[in-house]
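Peer 1: For the sequence shown, counting from 1, position 34 maps to 34 in full-length UniProt numbering; every step adds exactly one.
We put the beta carbon where it would ideally sit given N, CA and C, even for glycine.
Bear in mind that the values here come from a model prediction, so they are computed numbers and not experimental data.
Okay, handing you the structure first.
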Amino acid sequence: MAIAWWWPAERLRRLGSIEGLEHLRRAEADGQGVILMALHFTTLEMGGGLLGMAQNMYGMYRPHKNPLFDYVQRRGREQRLLGVIGRDDVRGMLKLLRAGGVVWYAPDQDYGAQRSVFAPLFGVPAATVTATSKFARMGRAQVIPFTQQRLPDGQGYRLVIHPPLADFPTESEEADCLRVNQWIEQAISVCPEQYLWAHRRFKTRPEGEPKLYKKKR
1 MAIAWWWPAE
11 RLRRLGSIEG
21 LEHLRRAEAD
31 GQGVILMALH
41 FTTLEMGGGL
51 LGMAQNMYGM
61 YRPHKNPLFD
71 YVQRRGREQR
81 LLGVIGRDDV
91 RGMLKLLRAG
101 GVVWYAPDQD
111 YGAQRSVFAP
121 LFGVPAATVT
131 ATSKFARMGR
141 AQVIPFTQQR
151 LPDGQGYRLV
161 IHPPLADFPT
171 ESEEADCLRV
181 NQWIEQAISV
191 CPEQYLWAHR
201 RFKTRPEGEP
211 KLYKKKR
């Protein structure tokens, strides 16, 4: 975190390469906002920091329960981004998208059944947020996937901005969530050891299914 947030920009920039910036430039030229669909890799802060120096963008995040850590987290991320948005600030998110902004957004966490539909993820039903397609529809935005990877032997970081999802969203939340999870599977499979598996992704279960995790003490 400290490197991503506080290193001088020129020094940090030398650590990474970025592919696919033309997809963001094209959306900007068309006057469309972008949901930059990302994942919770252990390299999250480095990826966001490196891209934030090359692209004007905002980040949606989950405020920390500890006010002090939340302050440090916000200040750190705001070193590289135009700003951050709390995950419940739907109005702020849509306002930015409709104005043509780029917003980093990660749909790979379990926020409970009320905000989600169940869609398979690596063959296991996972509560998958419907907000990705809702934000895209209401914000009139493209959904452009973004991945990052720590390269071996200290070679730095590879950031890839992929082509926008075509024909997204659809009229089916279930189909949209399935498509998001299929992309998540592909992205994780590139470097599974770098994904943040500590998050209990399968915590919420379909009715009648047993819990998959032990209760926290």
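Indicate the three-state DSSP secondary structure (helix, strand or coil) for A2 in the structure shown.
Peer 2: Helix, per DSSP.
Peer 1: Counting along the chain, where does the beta strand (DSSP E) carrying F118 start and finish?
Peer 2: Unbroken beta strand (DSSP E) run through F118: S116 to L121.
Peer 1: To test your reading of the DSSP string, which unbroken beta strand (DSSP E) runs of 3 or more residues are found completely within the region 127–168?
Peer 2: Listed in chain order, they are 141–150 and 157–161.
Peer 1: So, helix, strand or coil for Y111, using DSSP?
Peer 2: Y111 falls in the coil class under three-state DSSP.
Peer 1: Can you tell me whether S133 is buried or exposed? The criterion is at least 16 other CB atoms within 10 Å of its CB, across all chains shown.
Peer 2: That one is buried.
Peer 1: Are Y105 and M53 closer than 8 Å when you measure CB to CB?
Peer 2: Taking 8 Å as the Cβ cut-off, Y105 and M53 do not qualify as a contacting pair.
Peer 1: How about F146 and L36: do their beta carbons lie closer than 8 Å?
Peer 2: In contact: F146 and L36 (Cβ atoms closer than 8 Å).
Peer 1: Go to E209, then tell me how far its beta strand (DSSP E) extends in each direction, as first and last residue.
Peer 2: That residue, E209, is in no beta strand (DSSP E); it is neither H nor E in DSSP.
Peer 1: For E19, list the residues DSSP reports as bridge partners.
Peer 2: Paired residue(s): V160.
Peer 1: Contact defined as beta carbons within less than 8 Å: I believe A119 pairs with T128. What is the distance between those atoms, to the nearest angstrom?
Peer 2: At roughly 4 Å, the Cβ-Cβ gap stays under 8 Å, so A119 and T128 are in contact.
Peer 1: So, helix, strand or coil for L36, using DSSP?
Peer 2: L36: strand per DSSP, three-state reduction.
Peer 1: I need the straight-line Cα distance from D153 to E209, nearest angstrom please.
Peer 2: Going from the Cα of D153 to the Cα of E209 covers about 43 Å.
Peer 1: Please name the residue in V117, G20, Q32 and L15 whose C-alpha comes closest to that of L151.
Peer 2: Among V117, G20, Q32 and L15, the Cα nearest to that of L151 belongs to L15.
Peer 1: Please give the ranges of any alpha helix (DSSP H) in the region 36–75, keeping only runs that are unbroken, at least 4 residues long and fully inside the region.
Peer 2: Counting only runs of 4 or more, we get 44–52.
Peer 1: According to DSSP, W104 sits in a beta bridge with which residue or residues?
Peer 2: W104 pairs with L36 and G59.
Peer 1: For the structure I just gave you, are there three or more beta carbon pairs, one from the region 27–46 and one from the region 91–108, closer than 8 Å?
Peer 2: Yes: the two stretches touch, three or more of their Cβ pairs being nearer than 8 Å.
Peer 1: Rounded to the nearest angstrom, what separates H40 and I161 at their Cα positions?
Peer 2: Computed Cα separation, rounded: 16 Å.
Peer 1: Since L24 and Q73 should fall inside the 8 Å C-beta cutoff, what is the C-beta to C-beta distance between them, to a whole number of angstroms?
Peer 2: Between Q73 and L24 the Cβ distance is about 24 Å, and since that is not below 8 Å, they are no contact.
Peer 1: Note the first and the last residue of the continuous beta strand (DSSP E) segment covering G31.
Peer 2: That residue, G31, is in no beta strand (DSSP E); it is neither H nor E in DSSP.
Peer 1: P192 by DSSP, collapsed to three states: which one?
Peer 2: Reduced to three states, the DSSP call for P192 is helix.
Peer 1: Name the DSSP beta bridge partners of P125, please?
Peer 2: In the DSSP output, where bridge partners are listed per residue, P125 has P120.
Peer 1: Could you tell me which residues DSSP pairs with I184 in its beta bridges?
Peer 2: None; I184 has no bridge partner.
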